[in-house]
Structure formats: structure tokens, C-alpha cells
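Scroll down for the structure; my scribbles are underneath it.
Residue numbers (this note's numbering): 6 to 381.
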């Protein structure tokens, strides 16, 4: 009898834990797409379930500390509908009336898992220093340059909504369209541009929105536009391309420019979601696995260079050392290290027993000077 009581008690505890992780919340999701297609229905449903997750997060971050963690949920959490939504019921479906699907769902969201992942993401960004981000985009509508970049503004808004740290736009001079286009094609130039404004990461991109067709239902002109956006996230200290992605979107409306901008806006929202997922994955990998550090050391001859490389390879936590260039007594070394020693790597350099003086430091780059020639 006691065994049965113990078993029942255990089952009740487990049930209580599961119940504590699942909460029902009623929300409304709207999918915008031309026509009344199955694709529009699926989009509205996915947005409704995503909104349920967001509302579930809102019930967890009820203190200042949890609000600060919100930046780190990003879209890696919101996009995991299957992982966090344990079940749902469609309680309203307008069947695409008027060309716009509106679906309301009642969903059971696993709050415990959300909170756990939120805490993990908080740790990730804390260990990688919450890099300041700068956006540089070129934008064309029907082949013409646009003074106000809708794509850049929308992506900045999306990243700010997740509390990513952005470079103060008031400190930035007007960046010409030509410079933005060149920065996308040249990571080194993009990195230099980002460093000029104090950014650790620069997201460069190019976007277009072009007319597909026009129609006149009921005598009113309706324009259809398709946007295409591509972007790269680049570390400013090493010019490493962290992630690269693209997005497309379509929009229909009565005005050409407003419709073109709406297509850009929708594409930018989609691209923001995808890039934030990829960036957090990249940062997490560096925080818990490996990080690439660039060492730039001056006053180095050939013999000293060999001794330096050998000494670095012997440092605990250093996995690989490769020489990128060696010109005019300046050697640039790419060093792959364990994420666990990233924060204290400069102090490890000072403990090598080699007369190195650190002259500059950024998130993933260290500049140093060799004070005396080394001998084997």
C-alpha cells in the first residue's frame, strides 16, 4: 500500500511540474497575403502560434531582470513553435474573407521551457560582451536610389525591440549609397566603416523592390511589388563574415511607392528574424566552443615570429595558430581558442614570458608590440 501511495505521490508531483510549464493563452494572429490561399492560411496560423509564445514570454518576464533578458530570447525562441506550443485549438477562422486571413487560436505554451532557454541565452550574450551593432544598407525602388532606407530602419527597429545595442545614429555621418554597396561586397571595408563609428558588428546589405504587375479591379489601380534583400553580419575587428542571409516578400496596394516600401518592410522583418537566430547561434558557439582571435604584433623578425607561434600553440585553450600575413615586421596571426578563455586571453599573453606590450584591444582583436628580439 505504501508503494502505491509513493507512486501516486510521485505521479502527482510530475503532473504538477508539467502543468506548471504549460499555460493557455488566447491571442490573435494575422497573416497578410494576396488572395485566399492555403499558404495565407498557414502564415496566419503560424503568426498566431508565434504570438502565443510571445505572450507566454510576457507572463514570465515580470521583473526588471527578466525584461533585460528579453533581448536574448530573440527569434530562436519565437520560431520554435513545435517546441513550446504543446497543443492548440483554432477558435476563429475567417476563411480569407476579403483577401486577408484572420485566425485566432487558443494555445498551450510551455512556460518552463521558455524561461530555461531565456536564461541560457542571457548567459550566452553576457559572455560575448553584447556587441554594438551598426546597419548599412543600399536600397533601390524600381532601380532608383531611396534617401530613406526602409530596410535599414525596419531592421534597426526589429533589433532594438530585442534590446540589441545599436550604434547611436546621431554620431554617424551620412553614408553614401555607393559606400554602402561597396561595403556589402568588401568585408574589410565594411569592418573599417563599423570601427569608425564604434561598432563591434556591422550588418551590411542591399535591397530592391521592383514592380511585378498592375491591375484594375473595380477600376482602381493595384500595384504588385516584390522585394529582394540580402545582408551580411561582419565583425569589425577581424572582418569575419559571421552570418549571411536573404529574404523576399511581395505586397499589393493602390500606391506604387507605399506598396514598394511595404514589400521591403515585410522582407526586412523576415530577414531580421532569420539573422537574429543565426547570430545567437554563432555567438553561442563562440561562447561555449571556439572563438577566432586576431593578433597583430609589430617589431617582429622571422626568428621571433617562429618563437611567438610556438609559444602561443603551447597556451592552454589555444587550439590552432595560423599566419595570415608577415610584412614589414608586422605579423597577423589567426588564433582559434576555447570560448572559456576568450575573456582572459590578453592576460594569458602577458604570462607567456615574452616581452609583449598590448597596444590595443577590441572584442576579437589584440594589437601588441614586441619590445625585444627573441632568440631560440
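For each residue, glycine too, the CB sits at the ideal point set by N, CA and C.
Cβ neighbours of residue i in the same chain (closer than 6 angstroms, five flanking residues each side left out)
i	result
residue 33	Because the pLDDT at residue 33 is just 48, under 50, the model does not fix this residue reliably, and the value given afterwards should be weighed accordingly. Within the same chain, residue 33 has close Cβ partners 109.
residue 214	146, 230, 232, 265, 268, 269
residue 315	none
residue 249	237
residue 335	303
residue 347	296
residue 239	192, 195, 196, 207, 246
residue 98	108
Sub-9 angstroms separation of residue i and residue j beta-carbons
i	j	result
residue 138	residue 205	yes
residue 366	residue 304	no
residue 300	residue 337	yes
residue 224	residue 252	no
residue 326	residue 353	no
residue 101	residue 45	yes
residue 340	residue 362	no
residue 309	residue 198	no
residue 106	residue 159	no
Buried/exposed call for residue i, threshold 16 Cβ in 10 Å
i	result
residue 332	exposed
residue 166	exposed
residue 357	exposed
residue 369	buried
residue 222	exposed
residue 329	exposed
residue 151	buried
residue 211	buried
residue 112	buried
residue 382	A question about residue 382 goes unanswered here, because the residues of the chain that appear run from 6 up to 381.
residue 298	buried
residue 318	exposed
residue 149	exposed
residue 96	exposed
residue 376	exposed
Assumed close pair residue i, residue j - CB separation to whole angstroms, cut-off 8 angstroms
i	j	result
residue 200	residue 241	5 angstroms
residue 169	residue 156	That pair is no contact at about 16 angstroms.
residue 188	residue 172	Contact flag wrong, Cβ pair sits at about 14 angstroms.
residue 195	residue 207	5 angstroms
residue 295	residue 343	6 angstroms
residue 93	residue 43	Contact flag wrong, Cβ pair sits at about 18 angstroms.
residue 364	residue 372	5 angstroms
residue 226	residue 259	6 angstroms
Close beta carbons around residue i, own chain, < 8 angstroms, minus the five adjacent residues each side
i	result
residue 216	147, 228, 229, 230, 261, 265
residue 193	244
Beta carbon proximity, residue i to chain D, threshold 9 angstroms
i	result
residue 360	Although the question refers to chain D, the structure presented lacks it and comprises just one protein chain.
Chain-order list of residues whose beta-carbon lies under 7 angstroms from that of residue i (same chain, five-residue window excluded)
i	result
residue 69	Because residue 69 sits at a pLDDT of 40, beneath the cut-off of 50, its placement in the model cannot be relied upon, and the following sentence gives the value as read from the coordinates. For residue 69, where only same-chain residues beyond five positions count, there are no Cβ hits under 7 angstroms.
residue 306	334, 378
Distance cut-off 8 angstroms: residue i Cβ against heavy atoms of the ligand GTP
i	result
residue 236	Only the bare structure without any ligand can be found here, which leaves the ligand GTP out of the picture.
Does the segment 225 to 239 come within contact of the segment 275 to 286, defined as at least 3 CB pairs closer than 8 angstroms?
yes
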